[in-house]
Amino acid sequence: MLLYLPLNLIMNDIRKLISAIPSSTATKEELRLILSLIDLSSLEGKDNEKSISILCEKAKKFETAAVCVYPTLVATAKKNLNGTKIKIASVAGAFPSGQLPLNLRIEEVKYAISEGADEIDMVISRGKFLEENFNVVSEEISAFKKTCEGKILKVILETGELESIGNIRKASEIAIDAGADFIKTSTGKTSVNATLESVCAMLLTIKDSGKKVGIKPSGGITDGETAVKYLRLTEKILGSGWLKPELFRFGASRLADSIFTMLHI
């Protein structure tokens, strides 16, 4: 696998793939597709029933793939999205730090699902990963997967904290092998969020795995011209079959407004 090639060769491949992304302006078809792939997110301490109800109305207006909220507001989202095809995603498992004992993190996942979550976005233990406790990281993800039986599990790598492209590849591989339905770049709560380089490394790992695992660039993607680069990069590496909500999502709070404005100028 490419993971075990020297880092300079990995980076050369990544640079070539990124440089080959078409630079043309996003088409209206691409913008509409991006809108349909968004997990419209609100993950703030000040979130409440009113603000999440407004978020859900926006999701219905934009016809996004999902909304993403804290576990305590899943029931509010469920009530507001009843009768629609929009999925309810919830961050759970001590988001964004992951710094709680596993049993407590699992209980939070169970709570989110009991409230009506269709999808769970969990974050890996970066500290354990950087200590090279890879088996522990894998076992924790597997425990989340078992708890999420019948639901979609998105595994957040927090790529901005993993320190190298090689580590991003390794973390991606661990998550995929442990049963992730999606691998996701970031919580949006750190200084470094999604980058083309990190997503490219994740896409290459998915390709090497031979598995139908989704990708979710998240954090810092606020406009259509930025988003379309991730779309085109994914198509280049994995093919157009990945450009659907079952295999591609954007985690974003402001992107939908930007896309909607671009479509109606």
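Counting from 334, one number per residue, gives the positions in the sequence shown under the working numbering.
Using N, Cα and C, we set each Cβ at its ideal position, and we do this for glycine too.
Which of the three DSSP states, helix, strand or coil, is assigned to residue i?
i	result
G547	strand
V525	coil
S471	helix
L336	Confidence at L336 is low in this model, with a pLDDT of 45, below 50, so the placement of that residue is unreliable and no value is reported for it.
A605	This structure cannot speak to residue 605, because the chain is shown only from 334 to 598.
E377	coil
C311	This structure leaves residue 311 out entirely; the chain is present only between 334 and 598.
A422	strand
Could you give the C-beta distance for residue i and residue j, rounded to a whole number, given that I count them as a contact under 8 Å?
i	j	result
V470	I421	Their Cβ separation, rounded to whole angstroms, is 27 Å, which puts V470 and I421 out of contact at 8 Å.
R587	T555	5 Å
S542	I509	5 Å
K484	D451	6 Å
G449	K411	4 Å
E491	S519	6 Å
Going by beta-carbon coordinates alone, are residue i and residue j separated by less than 9 Å?
i	j	result
L350	L596	no
L536	I354	no
E568	L580	no
L585	D380	Checking the sequence shown, residue 585 turns out to be Ala, not Leu. Contact flag unset, no.
With a CB to CB cut of under 7 Å and the five nearest residues on each side skipped, what residues in its chain are close to residue i?
i	result
G553	N526, A527
E363	V561, L564
E494	R459, T523
What do you reckon, is the C-beta of residue i under 8 Å from a heavy atom of the ligand FAD?
i	result
N466	Inclusion of the ligand FAD in the displayed structure is not the case, the ligand content being empty and no account of it being possible.
Residue i: buried (16+ other C-beta within 10 angstroms of its C-beta) or exposed?
i	result
I387	exposed
P550	buried
For residue i, which residues from the same chain have a beta carbon less than 8 Å from its beta carbon, with the 5 sequence-adjacent residues on both sides left out?
i	result
K443	T480
A359	I367, G557, E558, A560, V561, M595
A513	I474, K478, L486, K487, V488, V546
L437	A427
Ordered along the chain, which non-local residues of its own chain (more than five positions away) have a Cβ less than 6 Å from that of residue i?
i	result
I539	V546
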